[in-house]
Amino acid sequence: MDELRRTGLTKMNEVYAWEMPDMPGEYFALTVDHLFGKIWTRPGLSMRDRRMMVIAVVTAQGQDDLLEIQVNAVLQNEELTPDELREMALFLTHYVGFPLGSRLNGVVERVVAKRKKAAKNGTAGDKKANVDAVLAKERGESGH
Numbered sequence: 005m006d007e008l009r010r011t012g013l014t015k016m017n018e019v020y021a022w023e024m025p026d027m028p029g030e031y032f033a034l035t036v037d038h039l040f041g042k043i044w045t046r047p048g049l050s051m052r053d054r055r056m057m058v059i060a061v062v063t064a065q066g067q068d069d070l071l072e073i074q075v076n077a078v079l080q081n082e083e084l085t086p087d088e089l090r091e092m093a094l095f096l097t098h099y100v101g102f103p104l105g106s107r108l109n110g111v112v113e114r115v116v117a118k119r120k121k122a123a124k125n126g127t128a129g130d131k132k133a134n135v136d137a138v139l140a141k142e143r144g145e146s147g148h
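All residue numbers for the sequence shown refer to the working numbering, where the first residue is 5 and numbers rise by one.
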């Protein structure tokens with residue numbers, strides 16, 4: 005594995021709070037090498053700043069699956085609290101409209117509830133489970 009791939013994979017795993025292995029394919033290479041190896045590692049913005057922008061953008065696009073991944077990661081990495089995420093939902097509602105803002109709030113509540121249940125069951129720190137859930141969604145398998 006070259007240095008760019010290693011840097012990108014390390015940053016991707018940090019961003020998403022999971023343990024994604026290196027995988028084949030041009031799309032994976034573009035994502036890991038460029039997006040995470042070159043863009044997410046640029047100086048000038050904190051991880052929290054970048055995360056808030058991503059959450060705002062995916063909220064505006066109505067991308068609930070990606071929102072769930074981002075919200076889970078931001079809570080796992082302790083970059084924002086549930087209350088700060090709820091405040092983001094209230095704030096964004098005034099820019100993206102009630103339906104999209106309420107979707108973010110719904111995702112926050114769903115993820116917080118899942119995390120509480122996982123903590124109660126002693127499975128909260130399983131980063132591999134996050135990868136398995138994402139890969140299942142990519143294969144079209146419903147996780148809900």
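Even glycine gets a Cβ: it sits at the ideal position worked out from N, Cα and C.
Asked	Found
Neighbourhood of residue 31 by C-beta, 7 angstroms cutoff - its chain only, sequence neighbours within 5 removed	none
Within 8 angstroms, strictly: CB atoms of residue 71 and residue 108	yes
Burial state of residue 56, where buried means 16 or more other Cβ atoms lie within 10 Å	buried
Extent of the continuous alpha helix (DSSP H) run through residue 12	7 to 20
Backbone CA spacing between residue 148 and residue 79 [nearest angstrom]	Per-residue confidence for residue 148 stands at a pLDDT of 46, beneath the threshold of 50, marking its modelled position as unreliable; the derived number appears in the next sentence. Using only the alpha carbons, I get a separation of about 20 angstroms.
Limits of the alpha helix (DSSP H) - the one that residue 64 falls within	51 to 64
Rounded C-alpha distance that separates residue 39 from residue 125	35 angstroms
Spatial neighbours of residue 100 in its chain, beta-carbon cut-off 7 angstroms, leaving aside the 5 residues before and after	63, 64
Residue 3 vs residue 37 beta-carbon contact at 8 angstroms	Outside the modelled stretch of the chain, which goes from 5 to 148, sits residue 3, for which no answer is possible.
Same chain only: Cβ atoms within 6 angstroms of residue 59, ignoring 5 sequence neighbours per side	74
Classification of residue 34 by the beta-carbon crowding that lies within 10 angstroms, buried from 16 upward	exposed
Local Cβ density within 10 Å of residue 49, reported as buried at 16 or more and exposed below that	exposed
Classification of residue 83 by the beta-carbon crowding that lies within 10 angstroms, buried from 16 upward	buried
Span of the alpha helix (DSSP H) around residue 110	102 to 125
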